[in-house]
Amino acid sequence: MSENNERRHRVIAIDGPAASGKSTVARKVAEALGFLYVNSGAMYRAFTWLALDRGVDCADGEAVKELLAGTEFSCEVLDGAGVVGLDGRVAGDEVHGAEVNAHVSQIAAWPVVRDQIFEVLHAFPSGHDVVMEGRDIGSVVFPDTPHKFYIDASPEIREARRRAQGLEDSIADRDRKDSTRAAAPLTIAEDATVVDSSHLGVEQVVEAVVDQLAAQGLPEAVRRG
Ligand code: DC
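Next comes the structure, spelled out in structure tokens:
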């Protein structure tokens, strides 16, 4: 095995609640470091979209399980991002619609769904260094990574951000469901660096994350500083 293949691939975990700004920040950090960007929420959204499209009741565990068993999940790399393929199809902007927003937390609460997405997320780092964002990346999916961040913002500011995007989203409802579910709830990992983005611009949050990574000795972040 070559030296390059023996190197362990790195994971930067960026978690946080809905509309905290973590997607934009994670994508920019990935670009800055030359890492693959992986949005785990988009995977829960893609499967939720599929369930709605097939007329599956998201509250019916057996029906969700059946759909899951009949769907082939694959890892795809598209424009510098790691995305999930469902039966070979990569979802588009439709996963950000109001219907998906209203049902995704219900789908994400099913442990069988989480187990499946967990497998997909673990399949990426075998070939890539990644910046991965979500709710449980630092706490459950990659608990051993030393690079963990939790991007927060006040509920009022997060609601305002969604309104400014012209998107209908039940932030408070998703916050409650994502934080109180039994399986891998949204939580701040003990060793995560918390960044409150309420009164910061995107570039300032990116800088805070990259500075912390440089302080942790991540070579790509040190070179950028
Ligand atoms: O990041 P987002 O708002 O696009 O995520 C959509 C939903 O997916 C979120 O409300 C809960 C779920 N999710 C999750 O349960 N675990 C993750 N790691 C990422 C998202």
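Numbered as in our numbering, the sequence shown ends at 448 without a single skipped number. Each residue gets a CB set at the ideal place from its N, CA and C atoms; glycine is no exception.
Check: Three or more beta-carbon pairs under 8 Å between the stretch 365-377 and the stretch 410-428, yes or no?
Finding: yes
Check your understanding: Does DSSP put S420 in a helix, a strand or coil?
Key -> The residue given as residue 420 occupies position 197 in the sequence shown. Secondary structure at S420: coil, using DSSP grouped into helix, strand and coil.
- Message: According to DSSP, M355 sits in a beta bridge with which residue or residues?
- Response: In the sequence shown, the residue the question calls residue 355 occupies position 132. DSSP output for M355 lists A236 and V261 as bridge partner(s).
Decide if G293 is buried, meaning its Cβ has at least 16 other Cβ atoms within 10 Å, or exposed.
As a working mapping, residue 293 is identified with position 70 in the sequence shown. Exposed, by the Cβ-count rule.
Measure the alpha-carbon distance for G278 versus Q435 and round it to whole angstroms.
Translated into positions along the sequence shown, residue 278 becomes position 55. Translated into positions along the sequence shown, residue 435 becomes position 212. Across the structure, G278 and Q435 are spaced so that their CA atoms are roughly 45 Å apart.
For H370: DSSP bridge partner residues: On the sequence shown, residue 370 is found 147 positions in, with the first residue counted as 1. In the DSSP output, where bridge partners are listed per residue, H370 has I235.
Worksheet item: Does any heavy atom of the ligand DC sit closer than 7 Å to the C-beta of V327?
Response: Here the question's residue 327 lines up with position 104 in the sequence shown. It does: the Cβ of V327 is within 7 Å (strictly closer) of some heavy atom of the ligand DC.
Open item on the list: Quick check: is any heavy atom of the ligand DC less than 7 Å from the C-beta of G373?
Closed with: As a first step, residue 373 is located in the sequence shown; it is residue number 150 there, counting from the start. One detail in the question is off: residue 373 reads as Tyr in this sequence, not Gly. No, the ligand DC has no heavy atom inside 7 Å of this Cβ.
**Item:** Residue(s) in a DSSP beta bridge with V343
**Value:** For the purposes of this step, residue 343 is identified with residue 120 of the sequence shown, where counting begins at 1. Answer is none; V343 lacks a bridge partner.
> What does DSSP give as the partner residues of V306 in its beta bridges?
Replying inline: Locating residue 306 in the sequence shown gives position 83, counting from the first residue. Paired residue(s): E299.
* Hey, does F270 have any beta-carbon neighbour from chain D nearer than 8 Å? -> Of the protein chains in this structure there is only one, and it is not chain D.
Query raised in the report: Would the beta-carbon of R384 be found less than 7 Å away from any heavy atom of the ligand DC?
Result: By one-based count along the sequence shown, residue 384 stands at place 161. No, the beta carbon of R384 sits no closer than 7 Å to any heavy atom of the ligand DC.
(Q) Just to confirm the assignment, what range does the alpha helix (DSSP H) spanning N401 have? (A) As a first step, residue 401 is located in the sequence shown; it is residue number 178 there, counting from the start. The sequence shown places Asp at residue 401, rather than the Asn named in the question. That run of the alpha helix (DSSP H) goes I394 to T403.
Under three-state DSSP, which class holds R268?
Here residue 268 is taken as the residue at index 45 of the sequence shown, counted from 1. Correct three-state label for R268: helix.
Is the CB-CB distance between A406 and R312 below 8 Å? Counting from one through the sequence shown, the residue named residue 406 turns up at place 183. Counting from one through the sequence shown, the residue named residue 312 turns up at place 89. It is not a contact, given that the beta carbons lie outside the stated cut-off.
Discussion item. Beta-carbon within less than 6 Å of I360's beta-carbon, same chain only, minus the 5 sequence neighbours each way: which residues are those?
Written reply: Here the question's residue 360 lines up with position 137 in the sequence shown. Counting only Cβ-Cβ distances below 6 Å, and skipping sequence neighbours, we find A236 and D238.
Over the uninterrupted alpha helix (DSSP H) stretch that includes P378, give me the two end residues. Translated into positions along the sequence shown, residue 378 becomes position 155. First-last of the alpha helix (DSSP H) with P378: P378 to A387.
Original post:
With burial defined as no fewer than 16 other Cβ atoms inside 10 Å of the residue's Cβ, what is the status of G440: buried or exposed?
Top reply: What you label residue 440 is simply residue 217 of the sequence shown in a count that begins at 1. Classification of G440: exposed, given that the 10 Å Cβ count is below 16.
CB of S243 within 8 Å of CB of G357, strictly: The count along the sequence shown starts at 1 and reaches residue 243 at position 20. The count along the sequence shown starts at 1 and reaches residue 357 at position 134. No, the pair does not count as a contact, with Cβ atoms beyond the cut-off.
Inset, instruction - Starting from G440, follow the alpha helix (DSSP H) in both directions and report where the run begins and ends. - result: Position 217 of the sequence shown, counted from the start, is the residue given in the question as residue 440. In the DSSP annotation of this structure, G440 is not part of any alpha helix (DSSP H), being labelled neither H nor E.
| Rounded distance between the beta-carbons of V234 and V203, thought under 8 Å | Past the boundaries of the shown model lies residue 203; the chain is included only from 224 to 448, so the question cannot be answered.
Original post:
Is it true that the CB of Y373 sits closer than 8 Å to the CB of G303?
Top reply: Translated into positions along the sequence shown, residue 303 becomes position 80. Translated into positions along the sequence shown, residue 373 becomes position 150. No, Cβ-Cβ distance for G303 and Y373 is not below 8 Å.
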